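For the sequence shown, this note's numbering begins at 395 and goes up steadily by one.
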Amino acid sequence: MSSDNTSSRHSNDTVRTIPVRNPLNIERLSSWIVSHSSLESLIFGAQGRSTQDEHWLKERMQVKQFGFGQSNPTYLLIISNLPHRNDALKVVLRRKPNKIAHPSSHALHREFRVLESLQRYNKQLEQQQQQAFDKSVPIPTPYAYCKDKSILGAEFYIMEFVQGRIFVDPRMLSIGSEQERTEAFKDALRVMANIHCTPYSLIGLEKHGGRSNPTYIERQLQRLLQISSKQSDLMKGRDKDDVKKVETSIRQIAQVLSQHASQCPNPYGLLHGDFKIDNLIFHPTEPRVIAVLDWELSTMGDGYCDLANFCMMYFMPSIEKGWGVAGLGDMKLEGTGILTRPQVISSYCQYHDKAREGSEHLVTITSASKPTPPTRAADYDEAMAWAGFYLSFLFFKNCVIVQGVAQRASIGVASSAAANKVAGLLPEMVRLTTKILKEFPPPQSQLKSNL
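Rendered as structure tokens:
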């Protein structure tokens, strides 16, 4: 489950576009693009812009909207008949919704900033001699950000369109080989470990999020409860008793989690925030990740949260069960090549050890940057002992996200065609979160709640 992906992606590993549900002002967009210096070579080639204007671009631009995008409407821009290209140029536009429940949500500016920093980091790694372990974090190239809300009614940015496979279904049914399926899972975990071991201070991300004390989960619980309360207040057209019941259940789950949050391992580093199979683009024919999408929730935080987010699929039913998202919870994994949950945690810890190796060779990108503290080792026994706690927190977080989808659907501003179906999952998500917390309790510690 996530704020930005639903089953409206094709099961044949391509991304489906739908009729535009949230129209763009093409004339204003075209005018902004032709006047933006960072897009000049992309649109006009090495010779640059001459007499072309927004009308010239508008005639060549086709706009489609992706079927995914529960929180941020996402579009494919196809620009044809460019003099310096034999094929059409495809780029992706991500826009904030016009109405938001909480000022800290839909943080596209943070998403763009982390993409820029990681792009610089990857370029530095490319300039080094061949390394035994690939530490890069594959991402779409970010091109330009627009803060001017008068252009499209909200902030937006434009990035590279990466051609590849997006597996909506984690069973990866289109991969015929067990070995390739295993390699695809393992490469996803390699990339996750690379993210967590990125020398954030050296690439300008030292202020990308809060510090390690209080813990990341302590901070998140406070913030998510504020968002949940606001979303409940904005909900329209639904039974008030049902809305209140869900809000109460969410608060009760948060109360239990808060009692353990100060004692959790809290390995500190760069966090993706929604790392899972269908936020990854795989190579068209090879079992390797070529781009990580949806950095909207990225921050500095607890890497075990990304690991738990990835493992949520083991508790979700298959896509045929009608949840609108795909899981592995009712599947026998033997003979499929798909890693079990303990194997996922073990592989992550192994890749984390390799990714932790020193980065002193990197050049500091900003003058204000300080050396990144050594990354805390990922310990398998510790990760397994706390797995239930982290899973419960991630399911709790997704309850709040689904509540937000329901809230936007209730006032008619949901950005995805599947919003109502996703919103209907909220009661079941709350029940599942409570069940996991009871079945997989965290290690006994001195209980203390800050809520």
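Backbone N, C-alpha and C fix where the C-beta goes; we use that ideal spot for every residue, glycine too. What you are looking at is a predicted structure, and each value in this text was computed from that prediction instead of being measured.
Where the beta strand (DSSP E) containing residue i begins and where it ends
{"i": "CYS540", "result": "536-540"}
{"i": "MET455", "result": "455-460"}
{"i": "THR576", "result": "Per DSSP, THR576 belongs to no beta strand (DSSP E); it is in the alpha helix (DSSP H), 572-590."}
{"i": "ASP700", "result": "Premise fails: ASP700 lies in the alpha helix (DSSP H), 697-705, not in any beta strand (DSSP E)."}
Where residue i falls: helix, strand or coil (DSSP)
{"i": "GLU448", "result": "helix"}
{"i": "PHE527", "result": "coil"}
{"i": "PHE676", "result": "strand"}
{"i": "LYS484", "result": "strand"}
{"i": "ASP398", "result": "Interpretation of ASP398 is limited by its pLDDT of 37, a score under 50 that renders its predicted location unreliable; the figure taken from the coordinates is listed afterwards. Correct three-state label for ASP398: coil."}
{"i": "LEU665", "result": "strand"}
{"i": "ALA548", "result": "coil"}
{"i": "GLU554", "result": "strand"}
{"i": "MET694", "result": "strand"}
{"i": "ILE684", "result": "strand"}
{"i": "ARG605", "result": "coil"}
{"i": "ILE420", "result": "helix"}
{"i": "ILE647", "result": "helix"}
{"i": "ARG735", "result": "helix"}
{"i": "ARG613", "result": "helix"}
{"i": "THR343", "result": "Nothing can be reported for residue 343: it is not among the residues displayed for the chain, which extend from 395 to 845."}
Under 8 Å between C-beta atoms of residue i and residue j
{"i": "THR574", "j": "GLY729", "result": "Here the sequence assigns Glu to residue 574, which means Thr is not the residue at that position. No, these two residues do not count as a Cβ contact at 8 Å."}
{"i": "VAL562", "j": "ALA685", "result": "no"}
{"i": "MET455", "j": "SER425", "result": "no"}
{"i": "PRO836", "j": "MET778", "result": "no"}
{"i": "LEU615", "j": "ALA655", "result": "yes"}
{"i": "ARG504", "j": "SER692", "result": "yes"}
{"i": "LEU502", "j": "GLU549", "result": "yes"}
{"i": "PRO821", "j": "VAL640", "result": "yes"}
{"i": "LEU819", "j": "VAL794", "result": "no"}
{"i": "GLN801", "j": "MET629", "result": "yes"}
Close-in-space but distant-in-sequence residues of the same chain around residue i (CB under 7 Å, 5 per side omitted)
{"i": "GLN838", "result": "none"}
{"i": "VAL650", "result": "LEU831"}
{"i": "LEU470", "result": "THR411, LYS458, PHE460, LYS484, VAL486 and PHE555"}
{"i": "LEU788", "result": "CYS699, ALA702, ASN703 and MET706"}
{"i": "GLU577", "result": "PRO681"}
{"i": "THR535", "result": "GLN513, MET553 and GLU554"}
{"i": "ASP447", "result": "VAL428"}
{"i": "HIS430", "result": "ALA538"}
Element boundaries [alpha helix (DSSP H), containing residue i]
{"i": "ALA803", "result": "781-804"}
{"i": "MET823", "result": "820-833"}
{"i": "LEU471", "result": "No alpha helix (DSSP H) holds LEU471; the beta strand (DSSP E) holding it covers 468-473."}
{"i": "ALA720", "result": "Where ALA720 is concerned, there is no enclosing alpha helix (DSSP H), given that its DSSP letter is neither H nor E."}
{"i": "ILE437", "result": "434-438"}
{"i": "HIS503", "result": "502-521"}
Cβ neighbours of residue i in the same chain (closer than 6 Å, five flanking residues each side left out)
{"i": "GLY442", "result": "GLU434"}
{"i": "ILE420", "result": "LYS452"}
{"i": "ARG750", "result": "CYS591 and THR769"}
{"i": "LEU687", "result": "ASN673"}
{"i": "LEU785", "result": "ALA702 and ILE830"}
{"i": "ARG682", "result": "ASP581"}
CB contact below 8 Å: residue i versus chain B
{"i": "GLY731", "result": "Absent from the structure is chain B; it holds one protein chain and no more."}
Sequence-distant residues of the same chain with beta carbon closer than 8 Å to residue i, five excluded per side
{"i": "ALA440", "result": "HIS478"}
{"i": "CYS658", "result": "THR609, ILE611, ASP696, TYR698, TRP780, PHE783, TYR784 and PRO836"}
- Message: Quick check: the region 644-663 against the region 538-552, are at least 3 beta-carbon pairs closer than 8 Å?
- Response: No, they do not touch.
- the region 724-743 in contact with the region 574-590 per 3-pair CB rule at 8 Å: Yes, the region 724-743 touches the region 574-590.
- Query: Counting pairs of beta carbons, one from the region 701-715 and one from the region 515-534, are three or more of them closer than 8 Å?
  - Reply: Judged by pairs of C-beta atoms under 8 Å, the region 701-715 does not touch the region 515-534, as fewer than three such pairs exist.
- On the three-pair Cβ rule with 8 Å, is the region 766-773 touching the region 620-628? Touching, no, given that fewer than three Cβ pairs across the two stretches are closer than 8 Å.
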